[in-house]
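Asker: Pasting in a structure now, in C-alpha cells, and then I'll have a few things to ask.
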Amino acid sequence: MELYHLRTFCAVADAGHLTRAAERLCLSQPTISAHIKALEGMLGLTLFERTPKGMTLTPAGTELLTLATSTLAAAGQVQARAAELRGELVGVLRVGINTDAEFLRLPELQRLMSARHPRIALELLAGSTGANLAKLQAGDLHASFASGPVDPARFAHRHIRDEDMAIAAPLAWQARLAAADLDTLVREPWIHNAPDHIQTQVLDALFAPTGQTPARAAVVNRKDSILAMVAANVGVAISRREDIERAAASRAICALPMALPPVRLNFVWPNTQARSPLLGALIAAVAAVWPDAA
Numbered sequence: 008m009e010l011y012h013l014r015t016f017c018a019v020a021d022a023g024h025l026t027r028a029a030e031r032l033c034l035s036q037p038t039i040s041a042h043i044k045a046l047e048g049m050l051g052l053t054l055f056e057r058t059p060k061g062m063t064l065t066p067a068g069t070e071l072l073t074l075a076t077s078t079l080a081a082a083g084q085v086q087a088r089a090a091e092l093r094g095e096l097v098g099v100l101r102v103g104i105n106t107d108a109e110f111l112r113l114p115e116l117q118r119l120m121s122a123r124h125p126r127i128a129l130e131l132l133a134g135s136t137g138a139n140l141a142k143l144q145a146g147d148l149h150a151s152f153a154s155g156p157v158d159p160a161r162f163a164h165r166h167i168r169d170e171d172m173a174i175a176a177p178l179a180w181q182a183r184l185a186a187a188d189l190d191t192l193v194r195e196p197w198i199h200n201a202p203d204h205i206q207t208q209v210l211d212a213l214f215a216p217t218g219q220t221p222a223r224a225a226v227v228n229r230k231d232s233i234l235a236m237v238a239a240n241v242g243v244a245i246s247r248r249e250d251i252e253r254a255a256a257s258r259a260i261c262a263l264p265m266a267l268p269p270v271r272l273n274f275v276w277p278n279t280q281a282r283s284p285l286l287g288a289l290i291a292a293v294a295a296v297w298p299d300a301a
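Heads up: take any position in the sequence shown, counting from 1, add 7, and you land on the numbering used here.
In C-alpha cells:
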C-alpha cells in the first residue's frame, strides 16, 4: 500500500465522484479508478458503493477514512519535520491586510517570500484594522497590516510608512469648502466609515476638540464606494489623499486643503509569537520590501 492509494481514497471520499477527484489530484479518471480498485484488493474490502450519482462510502470505507486521513497528516508532519532538519521553513502564515495590494506592496512581498522560502504559504486575508487586530489577538491571524496606534502590551510592530489623510469633497463644493473651518465642516453631511476603520478614528479625532459630532449622511465601509458617493454629492468623507487624487482623474471629487495628522501604517504581530521562525522570515521579507521604514 502506498500513500498515493490513501490520498486517492480520501479525495474520492471528499469529492463523492471519480471525475471531480481526478481533477483535484490532476490525474486521469482511469488512474483514480485503478487506485481505488487496487486499494480495495489489498484491503479485501469494498470501500465505495458505485451509484449513478457518484461514489458513496460503505460502512467499512467510512471507518477507514478516519485512519487514512490521520495517516496522511502524519506523513505530512514527517515531511515537514524533515524539511526543518534540512534548514527549510515549512508552514502557512495567515496575514491580515487592511487596504489594497498595490499600496501594501503585496506582489513584491509574495515574490520575495516565494524566492526565499518556497515552502511557506501566505494567506492574505482582507479586513479592517480593528477586525484584523481582534483576529490577531484571538490567534486567527499570524500578522497583519494595521493603521493607527498599536498596543505595545499585546503587539510588536514595524513601522511601514505614514498615510497622508485628507477630506474628500464633491468637486462642486470645492469653492465653498476650500477655506472652511471645523465649525463649518461639522454641519456638512458626512459619509461615515465603520467603527473599526481608521477613517472613523481620524474623523472622531478631528472634531473632538469642538465637542461636536458631524452629521451622518451614510455609513459605508468600502473605500471605492465612499469616494463614489462623495463624487455623487452625497457628502464629504475622510480618505487617503492619494486615493482621492487618483479618483479625481475620473470623478468629480477633490481633496480639501485642510491638513490632517498622518496615520502610521504598521506591520503587526503578537508579542507571544516574536520568536517564531516562520514569522521571523516574514518580518525580514517585509523589512526588505519596505527598506526605508523605521
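We treat Cβ as the ideally placed atom computed from N, Cα and C, and that holds for glycine.
To test your reading of the DSSP string, which unbroken beta strand (DSSP E) runs of 3 or more residues are found completely within the segment 145-199?
Answerer: Qualifying beta strand (DSSP E) stretches, in chain order: 150-154, 162-170, 172-177 and 196-199.
Asker: What residue range does the beta strand (DSSP E) around Ser246 cover?
Answerer: Ala244 to Arg247 is the span of the beta strand (DSSP E), which, as asked, contains Ser246.
Asker: DSSP on Cys261, reduced to helix/strand/coil?
Answerer: Cys261: strand per DSSP, three-state reduction.
Asker: Name the DSSP beta bridge partners of Ala276, please?
Answerer: Position check: residue 276 holds Trp in this sequence, whereas Ala was assumed. DSSP lists Ala163 as partners of Trp276.
Asker: Of the residues Asp190, Arg27, Cys17 and Arg161, which one's Cα is nearest the Cα of Lys60?
Answerer: Of the listed residues, the one whose Cα sits closest to Lys60 is Arg27.
Asker: With respect to the beta strand (DSSP E) encompassing Leu50, which residues constitute its N-terminal and C-terminal limits?
Answerer: Looking at the DSSP string, Leu50 is not in any beta strand (DSSP E); the run it does join, the alpha helix (DSSP H), is Gln36 to Leu50.
Asker: Taking the beta strand (DSSP E) that Leu302 falls in, what are its first and last residues?
Answerer: Summary: the structure shown does not reach residue 302, with the chain confined to residues 8 through 301, and so no result is reported for it.
Asker: Along the chain, where does the alpha helix (DSSP H) that runs through Met120 open and close?
Answerer: From DSSP, the alpha helix (DSSP H) with Met120 extends over Leu113 to Arg123.
Asker: Skipping 5 residues on each side, what residues in its chain have a beta carbon closer than 6 Å to that of Ala235?
Answerer: Excluding positions up to five away in sequence, the list is empty.
Asker: With distances taken between CB atoms, is the gap from Ala175 to Ser246 smaller than 8 Å?
Answerer: Going by C-beta atoms, Ala175 is nearer than 8 Å to Ser246.
Asker: Check each candidate in Thr58, Leu74, Thr63 and Arg165 and name the one with the smallest Cα separation from Val293.
Answerer: Checked all of Thr58, Leu74, Thr63 and Arg165; the closest Cα to Val293 is Arg165.
Asker: Mind checking which residues open and close the beta strand (DSSP E) that includes Met8?
Answerer: Note, Met8: premise wrong, no beta strand (DSSP E); not H, not E.
Asker: By the three-class DSSP mapping on this structure, what secondary structure does Ala128 have?
Answerer: Three-state DSSP puts Ala128 in a strand.
Asker: Short check: CB of Leu263 to CB of Ala173, under 8 Å?
Answerer: Yes, Cβ-Cβ distance for Leu263 and Ala173 is below 8 Å.
Asker: One question on the structure: do Ala288 and Leu119 come within less than 8 Å of each other, judged by their Cβ atoms?
Answerer: For Ala288 and Leu119, no; Cβs fall outside 8 Å.
Asker: Are the CB atoms of Leu267 and Val209 within a distance shorter than 8 Å?
Answerer: Yes.
Asker: Return yes when the C-beta of Phe55 is under 7 Å from any heavy atom of the ligand NAP, and no when it is not.
Answerer: Absent from the structure shown: the ligand NAP. Ligands present: none.
Asker: Determine the burial state of Asn105: buried for a count of at least 16 other Cβ atoms within 10 Å of its Cβ, exposed for fewer.
Answerer: By the 10 Å Cβ count, Asn105 comes out buried.
Asker: By the DSSP assignment, the beta strand (DSSP E) with Leu64 in it spans what residues?
Answerer: Leu64 -> beta strand (DSSP E) spans Gly61 to Leu64.
Asker: With DSSP collapsed to three states, give me the class of Thr220.
Answerer: Of the three classes helix, strand and coil, the one that applies to Thr220 here is coil, per DSSP.
Asker: Given 8 Å as the limit, is there contact between the segment 150-168 and the segment 211-218, that is, 3 or more CB pairs closer than that?
Answerer: The segment 150-168, when compared against the segment 211-218, does not touch it at the 8 Å Cβ threshold.
Asker: So, using beta-carbon positions, are Arg112 and Asp171 closer together than 8 Å?
Answerer: Not a contact, by the Cβ cut-off of 8 Å.
Asker: Helix, strand or coil: how does DSSP classify Thr53 here?
Answerer: Thr53 falls in the coil class under three-state DSSP.
Asker: Do Ile198 and Ala244 have their beta-carbon atoms positioned less than 8 Å apart in this structure?
Answerer: A contact, by the Cβ cut-off of 8 Å.
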